[in-house]
Amino acid sequence: MIDLILFYIGVALVFIGGVMDILATIGFFKFKEFYTRLHAATIGSIGGGLYPLIGVVFIVLGLDIDYNLKLVFTGTSIIAAGIIALATPAGSHILARGVYRSREESPSVIIDRLGEDLERGEME
Amino acid sequence: MVSYETLLGVLPVLMSLFTIAMIIYSIRVFTSKTLGSMVLAIDALVVDLVVLMVLVALYYKSAFLLIGVIPLASWVFLLDVVVARYLEKRWSK
Amino acid sequence: MIEELLWYYIGFTILLTIGFSIYGIAVRPHLVKKMALFTILGDAVYVLLVYLGYTLNSTNPPVIPGGSLENPVFSSKTDIQRFIGSTVDPIPQVFIVTAIVIGLAVFLLLAIVSLRIAREYGTLITTKIREVSGDE
Amino acid sequence: MILLLSSIAATLALISTILVLYEKDVAKAVVLAGVESVFYALLLQVFLAPDLLIAYVGIGLGLNTVVLLYVLTKGERYEEA
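Protein chains in written order, with my numbering: chain L, 5 to 128; chain H, 137 to 229; chain X, 28 to 163; chain B, 570 to 650.
Dropping the structure here:
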């Protein structure tokens, strides 16, 4: 009984992750600028990567396969989920900083105080 | 214990969801104007492919196929750092 | 039927990738682009060889599943036959592990030569190098 | 099902190769070569070659992108026609 509940919780988590992934792709096409696309990238990486990997853990725990196989799938999924949850937001911030400082794209804001400071050479 | 055939009935639906997301992300990567938005779309694409690779390993029921998941997940961070350093070095020159 | 069509389609696509990358190495003037297309050519050749070793109803990687010396996995001849019938051909994979490492060595040699060229002439585009060096 | 997935991956790899060929910005071309390698990694996994996958992800993805972008900092970014 508990196996059946675990299995369907896992399937529901993976399904929700896939739906959020498709929503994130729609967001990538709706937003026209780099700095607003960062929001859609968060949905695509956390909602589309972290939730399904946790869901795979639940699916494997309820499934009728070998014990060692269960152990390997659980450990790899948890480690990959941890790497995604830690590394993807940090990578997005590093990328946004690099793109802003290199003037690859200018943000569509009214007053850009950080840009003025960078022009005067105060913040290095 | 839930049998393996139950999973085989559910798995095509899940894999098709992630495959559709992979196609649309790829179109976004191929049609992006600047380098920054292309790398941002590649991040989401590779995270999507990691989940797809775990599902393929679950379909084949083999633990050896999981070996590429963790390096691929950390390659995302490496690509971000390398591209950001490249852009900043160009500006300071 | 549909599986065989998809199977031939994959092979045709990989062959087309090899053709485009050879054309790009010959035509494009930038040295970094030549190197990127060279890596793509190597990757396509690896995938083509692995594709030739795959059979349509195989479900196992070529690894013997578990067992020990006292309790071997294969106790009879039919077990061995069933294992061979459900696995892929391991020989191309063994070759390509060596080929990947040799490709890495060739790629690093090309990168170092390109760095020397950039330091000597100040550019990475072959037509400009011909203008700078002076010999037509 | 699994063959449909691999044919889609092979098609996307072909499209990214053509885009590498006709791209004027060489930094974008280097990153697109990385995308092509990611699709080939998925194809290697579908074709049941895990020992190649670990060597390929380490060398073909990680090292190639880093070395190509390092070489690109010494020269021009844009390639005229």
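All C-beta atoms, glycine included, are put in the ideal place defined by N, C-alpha and C. For clarity, every value in this text was computed on a predicted model and none was experimentally measured.
Within 10 angstroms of its Cβ, does Asn633 of chain B collect 16 or more other Cβ (buried), or is it exposed?
Residue 633 of chain B sits at position 64 when you count from the first residue of the fourth sequence. Looking at its Cβ environment, which holds 16 or more other Cβ atoms inside 10 Å, Asn633 of chain B is buried.
Are Gly59 of chain L and Asp25 of chain L closer than 8 Å when you measure CB to CB?
As a first step, residue 59 of chain L is located in the first sequence; it is residue number 55 there, counting from the start. As a first step, residue 25 of chain L is located in the first sequence; it is residue number 21 there, counting from the start. No, Cβ-Cβ distance for Gly59 of chain L and Asp25 of chain L is not below 8 Å.
Buried or exposed: where does Asp70 of chain L fall if 16 or more other Cβ atoms within 10 Å of its Cβ makes it buried?
For the purposes of this step, residue 70 of chain L is taken as the residue at position 66 of the first sequence. Exposed, by the Cβ-count rule.
Quick check on Asn176 of chain X: does DSSP put it in helix, strand or coil?
Nothing about residue 176 of chain X can be reported from this structure: the residues present for chain X run from 28 to 163 only.
Is Asp110 of chain L close to chain H? Criterion is C-beta to C-beta, closer than 8 Å.
Your numbering for residue 110 of chain L matches position 106 in the first sequence. It is worth fixing the name first, because residue 110 of chain L is Ser in this sequence and not Asp. Interface annotation, Ser110 of chain L: not in contact with chain H, CB-CB separation never under 8 Å.
At least one CB of chain B closer than 8 Å to the CB of Gly51 of chain X: is that the case?
For the purposes of this step, residue 51 of chain X is taken as the residue at position 24 of the third sequence. Chain B, which has a Cβ nearer than 8 Å to the Cβ of Gly51 of chain X, makes this yes.
Quick check on DSSP: helix, strand or coil for Val100 of chain X?
The residue given as residue 100 of chain X occupies position 73 in the third sequence. In this structure, Val100 of chain X counts as coil in the three-state DSSP scheme.
So which of H:Leu150, H:Val218, H:Ile160 and H:Lys197 has the shortest CA-CA distance to Ala578 of chain B?
Here residue 578 of chain B refers to the residue found at position 9 of the fourth sequence. Minimum Cα distance to Ala578 of chain B is reached at H:Ile160.
Anyone know if the C-beta pair for Thr170 of chain H and Phe77 of chain L falls short of 8 Å?
For the purposes of this step, residue 170 of chain H is identified with residue 34 of the second sequence, where counting begins at 1. For the purposes of this step, residue 77 of chain L is identified with residue 73 of the first sequence, where counting begins at 1. Their beta carbons are not under 8 Å apart, which means Thr170 of chain H does not touch Phe77 of chain L by this criterion.
Starting from the Cα of Ile63 of chain L, find the closest Cα among L:Glu123, L:Asp116, L:Met5 and L:Ile13 and give me that residue.
Stepping through the first sequence from its first residue, residue 63 of chain L is reached at position 59. Taking only the C-alpha atoms, the option nearest Ile63 of chain L is L:Ile13.
8 Å Cβ cutoff, Asp68 of chain L in contact with chain H
Translated into the one-based positions of the first sequence, residue 68 of chain L becomes position 64. It does; some Cβ of chain H falls within 8 Å.
CA nearest to the CA of Tyr104 of chain L, picked from L:Leu118, L:Pro93, L:Ala94 and L:Thr92:
For the purposes of this step, residue 104 of chain L is taken as the residue at position 100 of the first sequence. Checking every option, the nearest Cα to that of Tyr104 of chain L belongs to L:Leu118.
Just to confirm before moving on: does the CB-CB distance between Leu181 of chain H and Val165 of chain H stay below 8 Å?
By 1-based counting over the second sequence, the position of residue 181 of chain H is 45. By 1-based counting over the second sequence, the position of residue 165 of chain H is 29. A contact, by the Cβ cut-off of 8 Å.
Counting only the same chain and skipping the five closest in sequence on each side, list residues whose C-beta sits under 7 Å from that of Leu622 of chain B.
As a position in the fourth sequence, residue 622 of chain B is number 53, starting the count at 1. Excluding residues within five positions, the ones whose Cβ falls inside 7 Å are Ala610, Leu613 and Gln614.
Assumed close pair Thr15 of chain L, Val146 of chain H - CB separation to whole angstroms, cut-off 8 Å
The residue you call residue 15 of chain L lines up with position 11 of the first sequence. The residue you call residue 146 of chain H lines up with position 10 of the second sequence. Strictly speaking, residue 15 of chain L in this sequence is Val, with Thr absent from that position. The C-beta distance from Val15 of chain L to Val146 of chain H rounds to 6 Å, short enough to fall under 8 Å.
Check whether the stretch 49–68 of chain X and the stretch 141–158 of chain X are in contact - that is, three or more C-beta pairs closer than 8 Å.
yes
Using a Cβ cut-off of 8 Å (strictly closer), state whether Val589 of chain B contacts chain X.
Sequence index remark: in the fourth sequence, residue 589 of chain B carries index 20 (1-based). Closer than 8 Å: yes.
Output, in sequence order along the chain, the residues in the stretch 55–82 of chain X whose CB is closer than 9 Å to any CB in chain B.
Listed in sequence order: Arg55, Pro56, His57, Leu58, Val59, Lys60, Met62, Ala63, Leu64, Thr66, Ile67, Gly69, Asp70, Ala71, Tyr73, Val74, Val77, Tyr78, Gly80 and Tyr81.
Are the CB atoms of Pro88 of chain X and Leu617 of chain B within a distance shorter than 8 Å?
In the fourth sequence, the residue the question calls residue 617 of chain B occupies position 48. In the third sequence, the residue the question calls residue 88 of chain X occupies position 61. Taking 8 Å as the Cβ cut-off, Leu617 of chain B and Pro88 of chain X qualify as a contacting pair.
Thinking just about the alpha-carbon of each residue, which of X:Ile129, X:Tyr148 and X:Gln108 is nearest to the one in Lys643 of chain B?
As a working mapping, residue 643 of chain B is identified with position 74 in the fourth sequence. The shortest C-alpha separation from Lys643 of chain B is found at X:Tyr148.
Residues of chain H with CB closer than 9 Å to the CB of Val595 of chain B, please, in chain order.
On the fourth sequence, position 26 is the one that residue 595 of chain B refers to. Going along chain H, no residue has its Cβ under 9 Å from Val595 of chain B, so there is no contact; the nearest lies around 11 Å.
Considering only residues of the same chain and omitting the five flanking positions on each side of Leu79 of chain X, which have a CB-CB separation below 7 Å?
Here residue 79 of chain X refers to the residue found at position 52 of the third sequence. Pro119, listed in sequence order.
Helix, strand or coil at Thr150 of chain X according to DSSP, with G and I counted as helix
Along the third sequence, read from residue 1 onward, the residue named residue 150 of chain X stands at position 123. Coil at Thr150 of chain X, not helix or strand.
In chain X, which residues lie less than 9 Å from Tyr196 of chain H when you measure between Cβ atoms?
Taking the first residue of the second sequence as 1, we reach residue 196 of chain H at position 60. Those within 9 Å of Tyr196 of chain H in chain X are Thr86, Asn87 and Pro88.
Less than 8 Å between the beta carbons of Val100 of chain X and Ile91 of chain X, yes or no?
Stepping through the third sequence from its first residue, residue 100 of chain X is reached at position 73. Stepping through the third sequence from its first residue, residue 91 of chain X is reached at position 64. One thing to note: Val100 of chain X has its Cβ within 8 Å of the Cβ of Ile91 of chain X.
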